[in-house]
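First residue of the sequence shown: 188, per the numbering used here; consecutive thereafter. Just so it is clear, CB atoms sit at the ideal spot from N, CA and C, and this is done for glycine as well. Here's the structure, in structure tokens; my notes come after.
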Amino acid sequence: MNDQVDPVIIIGGGQSGLAAARAALDVGLRPVVLHSGATPVGSWPDYYDSLTLFSPARYSTLPGMPFDGDPDRYPHRDEVVDYLRRYADALDVEMRTRTRVIAVRPGRGGGYLVSTDTGGDLPAVGVVAATGSFGNPYLPTLSGQSEYGGAVRHVAHYRRPETYDGKRVVVVGAGNSAVQVAYELTAHARVTLATREPVRFLPQRIRGRDLHHWLRVTGADRLPRPVITRLVRHATVLDTGRYQDAITSGELPRRQMFTRFTVDGVVWSDGTTEAVDAVIFATGYRPNLDYLAPLGALDQGLPRQVGGISTTHPGLVYLGLEFQRSFASNTLRGVGRDAAHVLAALAARVDRRPRLSRLARPTASSVEGSTPPVHVDRATDGAGG
Ligand SMILES: Cc1cc2nc3c(=O)[nH]c(=O)nc-3n(C[C@H](O)[C@H](O)[C@H](O)COP(=O)(O)OP(=O)(O)OC[C@H]3O[C@@H](n4cnc5c(N)ncnc54)[C@H](O)[C@@H]3O)c2cc1C
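Below you can see the structure in the form of structure tokens.
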């Protein structure tokens with residue numbers, strides 16, 4: 188490898204950053220991953236304790252490395268953390284942990300300069316923004332909220348139901364997190380799920396197979412964004428039947444979203460008031476990209492991009508955005524495909540300076556069939572950490 192070539196800097200060491208690193212190697216670019224956390228396992232350790240994947244292990248992998256064990260089980264959060272740790276180890280690319288990117292600016296020769304909180308500017312031929320959204324939870328502001336004396340939390344900060352033992356809690360939202368968290372709280376607290384519209388469910392299993400099997404065989408998982416955003420207009424909750432039963436039976440009461448806060452509770456849409464100890468908003472996330480503001484790559488915090496490729500800055504690409512290219516973009520199973528796409532675009536842009544030639548790896552699509560396990564060379568050429 189030629190060390191004169193600046194690396195592609197990948198910002199964020201989660202599944203998106205790891206998939207990007209692998210795809211960079213595949214196209215002969217030298218990746219350097221900058222990650223604010225202690226280990227390159229993304230936000231998974233911070234998700235709530237009971238979380239299991241919504242897809243079976245066989246449909247939840249990054250390119251080139253299957254999950255160990257029964258492919259039909261739904262791995263627990265901690266297994267995902269372990270999987271990502273092993274994936275990062277196997278990649279053997281340079282990763283700088285505890286390194287937060289604070290700004291990206293134009294650099295020499297059409298490249299970039301990446302500034303970190305550890306000091307110094309790193310030159311890059313291209314930048315992959317893969318910092319997820321978990322660091323930027325969206326919390327709406329409702330009338331009366333500032334006077335409310337109870338706890339207002341985003342679900343990003345929820346870990347376990349025991350915290351709410353004996354409390355009166357309202358969970359706001361109609362997506363997976365809202366319903367899962369509200370459901371598990373029913374054994375510990377008096378809970379109401381508050382939504383604007385009735386909760387919509389997707390069956391976890393259809394004709395004896397997990398939904399993700401059908402998403403794959405029908406091609407729905409790969410439908411392009413314009414199609415999918417027309418089809419999926421509302422939040423949906425994956426369900427084996429227990430959440431729907433709980434709501435229908437009243438075990439988990441659902442009410443129309445409250446209209447405002449009072450000093451000690453909420454006003455429901457029918458005008459009744461109720462004292463509430465805590466309100467947990469499961470109202471989603473926004474891309475976490477502040478470090479791109481100096482570049483002018485954002486529009487009100489959102490990336491100006493098509494399919495993960497910046498429309499304002501050649502050589503800047505994104506990974507892990509919701510519906511970036513398909514329904515599966517922001518998932519373990521889908522991010523590898525997007526990574527191959529955006530890194531190929533990046534490689535095409537980088538001039539024909541000498542690049543890595545030793546790397547011929549299984550592609551994302553081959554992994555979905557019967558791919559051999561990832562087998563990553565231990566780099567001795569300057570790309571290793
Ligand atoms: C509760 C929950 C459950 C989910 N369940 C599933 C599921 O079952 N299956 C599935 O496929 N997907 C699931 N997802 C969606 C998605 O797969 C995860 O959110 C996943 O963590 C996204 O990976 P990422 O790498 O894009 O972002 P992250 O995992 O958030 O990783 C990005 C990393 O970048 C780092 N970072 C942030 N800013 C900077 C900076 N300025 N400089 C350097 N580093 C930075 C952060 O520390 C973070 O660790 C779930 C999401 C949530 C929130």
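- A Cβ-Cβ distance of about 7 Å is found for the pair residue 468 and residue 327, placing them in contact under the 8 Å criterion.
- Of the candidates 290, 283, 308, 447, 447 places its Cα closest to the Cα of residue 331.
- About 15 Å separates the beta carbons of residue 340 and residue 380, which is beyond the 8 Å limit, so they are not a contact pair.
- Relative to the Cα of residue 251, the nearest Cα in the group 238, 225, 274 belongs to 274.
- By the CB criterion at 8 Å, residue 268 and residue 220 fall outside the cutoff.
- Within its own chain, the residues whose Cβ lies closer than 7 Å to the Cβ of residue 531, once the five positions on either side in sequence are excluded, are 214, listed in chain order.
- At least one heavy atom of ligand 1 falls within 7 Å of the beta-carbon of residue 222.
- In the displayed model, residue 351 falls within a helix according to three-state DSSP.
- Under DSSP, residue 282 shares a beta bridge with 220.
- For the pair residue 309 and residue 434, the CB atoms are not nearer than the 8 Å cut-off.
- With 16 or more other CB atoms across the displayed protein chains lying within 10 angstroms of its CB, residue 369 is buried.
- The straight-line gap separating the alpha-carbon atoms of residue 407 and residue 494 is approximately 17 Å.
- In this structure the region 494-508 does not touch the region 348-359; the number of beta carbon pairs closer than 8 Å is below three.
- Per DSSP, residue 420 lies in no alpha helix (DSSP H) segment and is marked neither H nor E.
- Taking a C-beta distance under 8 Å as the contact criterion, residue 512 and residue 412 qualify as a contact pair.
- Annotation note: the region 443-508 contains the following uninterrupted beta strand (DSSP E) runs of length 3 or greater, listed N- to C-terminal: 452-454, 460-462, 465-468, 503-505.
- In this structure, residue 513 has its beta carbon at no less than 7 Å from each heavy atom of ligand 1.
- Residue 519 and residue 248 do touch by the CB rule: their CB atoms are close to 6 Å apart, below 8 Å.
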